[in-house]
Every structure is written in C-alpha cells, then in structure tokens.
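A.B. asks:
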Amino acid sequence: MSFIVRTVARTADGRDIVRLKKFDQTELSIGRSPSSDIHLPDLAVVLNHAVIRVVPGGVVEIAATAGMPFVVDGKSTEHQRFAVSPGANVRIGSHSLTIEPSEGEEQGAVIVTVERVGAISNASEDKEEARVFSLAAVLPGKRALAWAGALLVLAVFLVWPLTSINTQPTDSTRKVAFHADEFWTSGKLSRAHKPLENNCQACHVKAGESVRDSACIACHTTVHDHGDPAKLSAAKGPVGIVTGTKQFVGGFFGIKPGRCVECHTEHQGETAMPVTDERFCTTCHDGMSSRIKTALKDASDFDEHHPQFAPTIRSLGMNGVPTFSRVSLDQNPKEYNGLKFPHDIHLSKSNGVAQMAKTLGKAEGYGAPLDCASCHVRDATGTSFATVDMEPACGACHSLAFDRVGDTVRTLRHGDPAQVIADIRAFYRGGAPRAPTLTGMQRRRPGDFTAAAQGGSVAPTSALHVGTADQAIRSVFSKGGACFDCHVIRETGNRMTPFAVAPVKLTSRYLKKGWFDHSAHETESCTSCHAVNLSRSANDVNLPKLSTCQECHGSQDAHKEVPSSCALCHDYHRTEFAPSAVRKSRERGKAGEHIEEKALKRAGTGV
Amino acid sequence: MASKPLRQATSGRERASDHEGFLRFQNYKWLKIAVIVSLLCLFVYAINDVQPKPNGGSIYGYITGTAGVALILWLSMLGVRKRAITPGRWSLKSWTSAHVYLGLALIVIGTLHTGFDFGWNVHTLAYALMLLVIVSGMFGIAAYAMLPQAMSANRGETTQIQMLDNLRMIDRQLNEAAQPLDAEGAAIVRMALEDDPFGGGLIARLTGRYNRCGTRAALSAVREHKSRQEAAADPLDHVEVLLERKKSSLSRIRKHLRYKALLEIWLYVHVPVTFALIAALLVHIVSVFYYW
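For the protein sequence lines, the chains are A and B, in the order given.
Under the working numbering, the first residue of the first sequence carries the number 1, and numbering increases by one thereafter.
Under the working numbering, the first residue of the second sequence carries the number 608, and numbering increases by one thereafter.
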C-alpha cells in the first residue's frame, strides 16, 4: 500500500501545475513543518497537524496529532475513518485534501490531491475594485435608499392618514387620541378650538373643499350676522387686484367672500384666537357713507380717522317723557337724569364738604376730602361702576333722620315720597308737636351732626319744631328741605301726597356701540379722563373726548403706548359682553383671561 | 477700424488653461440670477403684509410654493440630464451651474414660502428634507473643491489596484515569513492576514479610524512576544518588519478610502433624500388641498 500525493498549484494565468510524489509507506504526516510528508504552507495549520494512514480493509484513518481539528466531508473532527473508495474530502486550514483510490497501474494506492482553496489573506481574495474602494461596499445602494425613503414618507404621511380618515368615526365615539391626519396640520388650533385638535374633519368636512361656514355654525348656533348680507356686500368698496384675484380663483372652488374663516384664521398656534385685523373693518367702514345709506360715520383708523364719541344721552321730551339720542361730545351734550349734583363742590379739597368729610373721620370711611371712590364703587365685573345708592354714598352727610325713640333713630324713607309724607303726618298726629329730637326735615349742612352723633344733640331750631304737618311736608320738599336740594320736585295738586320727586335715571353705559373697560385703565386716575372737578351740574356729560383716548391709543400699527385695532372696542358680532378681542387678546395676557372669566361669570355660562 | 487681436498668441510652452468650472461658469451667470431671484423674493416678502401672519396659503405663499416645487423637480432632473452630455448653451456644465445656484436660491424661496411657520407636521418635514438635500449638496461641492488634491497627494502615482496589489504582496511575504512559527506565532500573523482592508463600516470609512485593525493588533502582539530575544535572530523580526510595511500600506489605503468616502457620502444623502423630499412634497400638496 502506498500514497500518491498530487500537489496542485495554480499559476497567475489560471493554469494548474500538478506535482506528483509517491510514498511507499502506510502513514503520512501532515503539517506546516517542512519535514512533513504533506507540507501545507498554511498558517492555519500547525507544524504537525495530523497523520493519515491506511488501515487494512481498504480503510483510511486520519487523526489529529496536536489536538487541532480538521474537517472531513464538512464535519469537524479530530479522528475519522473512511473507506478509500469512494474516499473523502479533508479540509485543513485553507487547504483541501481529496482522498480517493487510484486506478490503473497504481491500483491499490491512495491518491491524496492537495490544493490550496482559500486565499493567503483577506486582501488576496477576489475584490471588485469599483465596489470595494467606494461606499457601495458599506452602504445600501442609492436607488434602494431612495425607494425606501420615498415609500416610508408616503406610507407614514399619506397612506396612514388617509386610512385613518376613512376608518375612524367623526362623531362622539371618536377617540380623543392621536389620529394620523394630524400630521397634516399646519399649526396648533387656538385655545377655543383645542378640543377639536384630534378631529380635523369637524371643520374640514369634505375632502378637497375649503372650510365652509356651515361647519362653524354647527357649533356656533347663536352668532348673528353683522348686518344685512346684501347691505354688507354693498358696503364693501371695490376690490383690489389681490382680493379680486383671490375671489375669482376662489369662485372656481365654491369659495365665497365673507366666510367666517376670512376673519377667524385658525391654526395660528395654541393661543387665543388672533385679534381680527383692522382691515376687515375698514374695507367697509372707510368711506362707507358714500356707498350705502347709513347713519354711521366713516372710520378707518382710530388715530386719524375716527368719529367723535357720540354717547346715548337721556333728555326730557316735550311732554316730560324722557328721550334718548346719540349726541357727539363735540356738541357738549347735557343730559337729564333727574338729579341735582355739583361734582365741583363735592370734590373740593378745602370747602365745607371737605371739612365735613374730615370731621366724619376714618371710622365713617372718610377722614379726608372726598374723592371719586367715596361714592363710586366698582361693579362686580370691574368693567364699570355700581349705581350710586343714596344711603351709603350720601347718607353720612345728607341724613334723613327726624326722630329718635329710645336708641332708635327714625329716618325718612328715601325713594318713596308718599311714605315720607305719611311718616311726617304720623309724627304730627300724636297731638301737639313735641320737641323734635332731630332736625332731619332740613337738609343737614356740614358741621351739623353726623349720623353717629345724632343721638347726642338736638337742634334748637327745626321745621318740625312748630307748625303743622302740612307745613313740615312743604318745608321738606321745598328749597332748603332735605329732598329739594338734590331732587327735582313737582307739586301734584293732590292733597294727600302734594309732592312728587322726578325719577332719577343715572346712565350706566353711555357708549353702547363700543366697549370701555375701567379695570384695564387702572394705571390712570379718574380725573385724567373725566374732568369732573369743574363740573357744576349733574347735567354735564363728563366723558373724555376722542382726543383723550388718542393720547395712548393709536391704530393697530401705530407707534403708541397701546396700538388698538377696531376690535379692541367694537365687536363684529356684537353682544352685551366685552368684545372678544378684549377677552382674548394675547397682548393682554393674564388681564385678558381675567376679563374673560368675569364676562362669562356675568353671562352665567361657561360657554 | 483697426482692432487689436483679442488675445496675443501665447509664447513659450505654457498655455493658459481655458477650463472653467461649473461654479464660475459664464462669469457666475447663474449665481447672479440666483441672487436676483432671492433678493426679489425677499423684497416682496418684506413689503407683503400677510395677516394674521405670513403663511404658505397666501398669494405670495402660493407663488413661492409653486416656484419651489417646480424648481425642486427641475433640480432633480439633473440626474437624468447628466447621463446625456451635450455642448452649447444648455450644456451639462451650464445645467450643473444652474443646479447649484438655483438650488441655493431654493433656501430663500422655500423658507419664505413657509413664512417661518414651523411645526411637527409633514409640511415642516418637507422643508427639513429640502434643507438636508441642499446642505448635503453644499457639502458635496466643498468636498469636490478641497479633497481631490489631498487624495491625489496621498495616492502618489499609484492606482487603486496597485495599492491593493502592494498589500497582497506584503501578505504573501508575511505568509512566507510566518511558516517557521509555532501555532501562537502563526495565529498572530493570521490576525494581520485576515484583516479586511475594506472592512469597518461607514463610520470607519468616514473617520479613517479602524479600531479592530488586525494588523495593528498583530504588530503589538509581535512586539510584546515573550519568546523574542534581543540578540538572536528570530523569524518574528522579519514578520515585524513586514507587519510595519503592511500597516503603512493599509494606512495609505484607508486614507484613500476616507477621501473617497467623503467625496461620495453626500450623494448618499443628496439623492435618496431628494426622492423622500419629492414624496413629502406630494403629501404636502395633497394634504393642504385635501384639508383646504
């Protein structure tokens, strides 16, 4: 038995060179050592790697000598026997040993074909130059990346939203959660519409159709038009190129001018809905009187082109019936409210009134000359003032006390002349007029008595001191009497109730077309706007004129302390509440929220 | 009227090169056009008072949007156009020059189209992708302007194949030299032989840092090998020399690979993101009119 070792070497041009070596022995050593029978110049092979020997019975045995395994027919092992025929393939390192029986002359010998199958090194392997030297070797192809990117974008941002739109309910069963069509939002909704953030289709009802008013009206059921639509469209001036183009193009898509969204722009961020721009007002109100028949005066800019304020003035008509009309402040209007009240005397810093207030002292809520707040108190909203009530505002000085029984002071009932007359008659009915304990029938003068001190002193002279009940009644309702100095007294001719007091109607709101918020003007003093220090009569309308407001307020783009668009005072959809711009103005910040809260409170609703 | 010849015949052997790169093509014609377009857009944006704030839905927004999308589609056609080289007014060079400068003008047009109204939505995604494409293009131009010289210097006169062949030759020598070594020594050399000069991934290509370099590991292992003696001749001495040579050869290849990677990487962003951008633009347009 012998071995024939065929060593195959490959030339550079790919030819095989085979060298034969015969061994007449039954065992061959395999290894990297040059002394090995089968020399494998392979660093993955140890110096003496294995032996291969022939075992009687046509069997070949291969065994590792250094404990390093090899691979026989694809199986890693350290010892293997197999029949010479058909033989086997042994892989040691990068070398392949094919073992097969010889044929012909050499029959009986075992042929071992040795061939290097692996490259010497990684670098020696076949490399495609263009590929390995470029990034193509370490990155997916540009085409693949392009497809992946484009398809990913389409899947996530087009297919998913479309699926969501067509499968998710839009009614109340819709989940309050992220829906894929929100990828399409152009910005957060305003705070008012925040609950709709997850429901695009609440407003965008139909695919490809711009938002219609019907979507707004679905919720805003009570909002009314600014005016007759025909008149509104007539009031608009000729459209410019830009608006004309917009309307022309919009016409093809059924977009009509005057939609809600023209003024109420959404998706502007999570703020209050933006204040309506001045231009939406001035497109009509600038030069409107030349286009339509209207009582309204033209306005285009608060700073430069705004009519003088025209408060609603109460006056007495021909037959004593009160009438109301708007009169410009330029005409110095006088109002009739049924009261006699000189502001100047009451606000003096040095006269008797001032002394009286000082005398009354802090305990009575005075102690210093009167100021506005002595009588005028804010109403619950802070926007305006509570109606002045006689007793708390005037009663400390203008006492109606007329008698004392024990510790109880009896007063004439304010606001009820018939009761006053009845009380005086009753006072006298008890026989001869007793000495009056108080001088209430007569209007008190500063320095007489304070309400608190009334129990202690008795005026020696009094209308009630002598005379009859009728005399006393006449004196109370006549010049110098308690009623007369403040009220307009009318004789009725009736014997039982000979006098009547004209009703007092103090105006609580003069500017009904606009809005004024006192709480927003706390930085100002009262008299900086209301020149009441010099007002001698209650008939004076002590409202500031336009020019006073213009000291701080300008148009929306003016470089003034308070740039003011129309919407700051006027509401397009006017209600009895503050304009939404006041309630929601971003510039106002916390103050705006405060006012909003108050307006809602007053309206008795949270919606 | 006598006129001077436009150009004196050049004397000597030196001749002025008439090469004109795409950047300065036709005396920066497209740069000028791009600047004019950008300034025009900026000017109109400045005087155009859109309420309540500038946005893509205004008339100006529609105009810049349409111009932007047309420009993007045209710019992306360079990939088609460059495969057909023609001379003349609309030569590829002219086209490339316009591609670069109009692409840069797109920053202005696109940004003004947004009205600086950004959010986490598909619209801003399209804008971000557009910027990514433009920035990658700018990187590409910078790379093309700066790297070829350095790459050439690194490569010397050798070709890529020559570099690789040099490495293969060293590997053969290493293999030879390592034959007498024991298993441990052979294993050390094999670390170097099995080292893939092109392995390491994208990061290694871009940075030129190959942390798991087998050759470097083999070199330090050989240097610290305990069996080595100062005086006696040792087969490891030769191995060490060869490893040194392989290291320097590898380092040159890898430097070359780094330059190539930096020259190529921008296209791997520029091209695929362009298609993602076109997809995002499609969604952008569909969505704004779907939810008009």
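From the three backbone atoms N, C-alpha and C, an ideal C-beta is built for every residue, glycine too.
The beta strand (DSSP E) with N539 (chain A) in it runs from where to where?
C.D. replies: Neither: N539 (chain A) is in no beta strand (DSSP E) and is coded neither H nor E.
A.B. asks: Nearest by alpha-carbon distance to F183 (chain A): which of A:T173, A:E197, A:D171, A:R174 is it?
C.D. replies: Of the listed residues, the one whose Cα sits closest to F183 (chain A) is A:E197.
A.B. asks: What are the residues of the segment 117-131 of chain A that lie near chain B, defined by any Cβ-Cβ distance shorter than 7 Å?
C.D. replies: Taking 7 Å as the Cβ-Cβ cut-off against chain B, the residues of the segment 117-131 of chain A that qualify are I120, S121, N122, A123, S124, K127, E129.
A.B. asks: Cβ closer than 7 Å: which chain B residues qualify as neighbours of S134 (chain A)?
C.D. replies: Ordered by position in chain B, the residues that pass the 7 Å Cβ test against S134 (chain A) are K867, E871.
A.B. asks: Does any C-beta atom of chain B lie closer than 8 Å to the C-beta of C200 (chain A)?
C.D. replies: Interface residue, yes.
A.B. asks: Could you confirm whether any beta carbon from chain A is found closer than 8 Å to the beta carbon of N818 (chain B)?
C.D. replies: Taking Cβ atoms only, chain A never reaches closer than 8 Å to N818 (chain B), which makes this a no.
A.B. asks: Am I right that A373 (chain A) and D379 (chain A) are in contact with their C-beta atoms under 8 Å? What's the rounded C-beta distance?
C.D. replies: Wrong, their Cβ atoms sit about 13 Å apart, outside the cutoff.
A.B. asks: Which residues of chain B have a Cβ atom closer than 7 Å to the Cβ of G187 (chain A), listed in chain order?
C.D. replies: Here the neighbours are D724, G726.
A.B. asks: If you follow the alpha helix (DSSP H) that T359 (chain A) is part of, which residue opens it and which one closes it?
C.D. replies: First-last of the alpha helix (DSSP H) with T359 (chain A): 352-360.
A.B. asks: At which residues does the alpha helix (DSSP H) containing F746 (chain B) begin and terminate?
C.D. replies: Note, F746 (chain B): alpha helix (DSSP H), 729-762.
A.B. asks: Beta carbons nearer than 7 Å to chain A: which residues of the segment 733-755 of chain B have them?
C.D. replies: Going along the segment 733-755 of chain B in chain order, one finds no residue with a Cβ nearer than 7 Å to chain A.
A.B. asks: Apart from the five residues just before and just after A119 (chain A), which ones in its own chain have a Cβ nearer than 7 Å to its Cβ?
C.D. replies: Only E125 meet the Cβ criterion.
A.B. asks: Could you pull out every residue in the same chain whose Cβ sits closer than 7 Å to the Cβ of V54 (chain A), ignoring the five residues on either side in sequence?
C.D. replies: M1, T26, V60, V110, listed in sequence order.
A.B. asks: Who are the Cβ neighbours of E851 (chain B) in its own chain at under 8 Å, not counting the five residues just before and after it?
C.D. replies: Cβ neighbours of E851 (chain B) beyond the five flanking positions: L826.
A.B. asks: Does K127 (chain A) pass the burial test, meaning 16 or more other C-beta atoms within 10 Å, or should it be called exposed?
C.D. replies: Buried, because 16 or more other Cβ atoms sit within 10 Å of the Cβ of K127 (chain A).
A.B. asks: Listing by chain order, which chain A residues have their CB less than 9 Å from the CB of D778 (chain B)?
C.D. replies: Within chain A, the residues near D778 (chain B) are A119, I120, S121, N122, A123, S124.
A.B. asks: For L813 (chain B), which of B:V848, B:T731, B:R861, B:K853 has the nearest alpha-carbon?
C.D. replies: With distances taken between Cα atoms, L813 (chain B) lies closest to B:R861.
A.B. asks: Using beta carbons (cut-off 8 Å, strictly below), is K660 (chain B) in contact with chain A?
C.D. replies: It does; some Cβ of chain A falls within 8 Å.
A.B. asks: Counting only beta-carbon separations shorter than 8 Å, does S894 (chain B) have a partner in chain A?
C.D. replies: It does; some Cβ of chain A falls within 8 Å.
A.B. asks: How close, in whole Å, do the beta carbons of V90 (chain A) and V72 (chain A) come, if the pair is a contact with beta carbons under 8 Å?
C.D. replies: With a Cβ gap of about 5 Å, V90 (chain A) and V72 (chain A) count as contacting.
A.B. asks: So, V211 (chain A) versus C203 (chain A), is the Cβ gap smaller than 8 Å?
C.D. replies: In this structure, C203 (chain A) lies closer than 8 Å to V211 (chain A) by Cβ.
A.B. asks: Can you pull the chain B neighbours of F183 (chain A), defined as C-beta to C-beta under 7 Å?
C.D. replies: Those within 7 Å of F183 (chain A) in chain B are N728, V729.
A.B. asks: Only counting the same chain, and skipping five residues up and downstream in sequence, which positions put a Cβ closer than 6 Å to that of L732 (chain B)?
C.D. replies: A887, listed in sequence order.
A.B. asks: Using beta carbons (cut-off 8 Å, strictly below), is L850 (chain B) in contact with chain A?
C.D. replies: Chain A contact via Cβ: absent.
A.B. asks: Does DSSP put L97 (chain A) in a helix, in a strand, or in coil?
C.D. replies: Correct three-state label for L97 (chain A): strand.
A.B. asks: Thinking C-alpha only, which one of B:L788, B:V893, B:L774, B:T671 is nearest L158 (chain A)?
C.D. replies: It is B:V893 whose Cα lies nearest to the Cα of L158 (chain A).
A.B. asks: Which term fits S85 (chain A), buried or exposed, when burial requires 16 or more other beta carbons within 10 angstroms of its beta carbon?
C.D. replies: Its Cβ having fewer than 16 others within 10 Å, S85 (chain A) is exposed.
A.B. asks: Sort out for me which residues DSSP pairs K334 (chain A) with in a bridge.
C.D. replies: In the DSSP output, where bridge partners are listed per residue, K334 (chain A) has A:D540.
A.B. asks: Can you tell me which residues form a DSSP beta bridge with S315 (chain A)?
C.D. replies: The partner list for S315 (chain A) (beta bridge, DSSP) reads A:T323.
A.B. asks: Measuring CA to CA, which of A:N337, A:L370, A:W147 is closest to G352 (chain A)?
C.D. replies: The shortest C-alpha separation from G352 (chain A) is found at A:L370.
A.B. asks: DSSP beta-bridge partners for T77 (chain A)?
C.D. replies: Answer by DSSP bridge pairing, in chain order: A:F70.
A.B. asks: Under the DSSP definition of a beta bridge, which residues are partnered with I17 (chain A)?
C.D. replies: BP columns for I17 (chain A) point to A:A9.
A.B. asks: Straight-line CA distance for H79 (chain A) to G808 (chain B)?
C.D. replies: Distance between the alpha carbons of H79 (chain A) and G808 (chain B): 40 Å.
A.B. asks: Can you grab the Cα-Cα spacing for the pair G254 (chain A) / A150 (chain A), in whole Å?
C.D. replies: If you take the alpha carbons of G254 (chain A) and A150 (chain A), they lie about 34 Å apart.
A.B. asks: With H, G and I counted as helix, E and B as strand and the rest as coil, what does DSSP make of A883 (chain B)?
C.D. replies: Reduced to three states, the DSSP call for A883 (chain B) is helix.
A.B. asks: Select from A:A354, A:V377, A:H376 the residue whose C-alpha is nearest the C-alpha of G367 (chain A).
C.D. replies: Comparing Cα positions, the closest option is A:A354.
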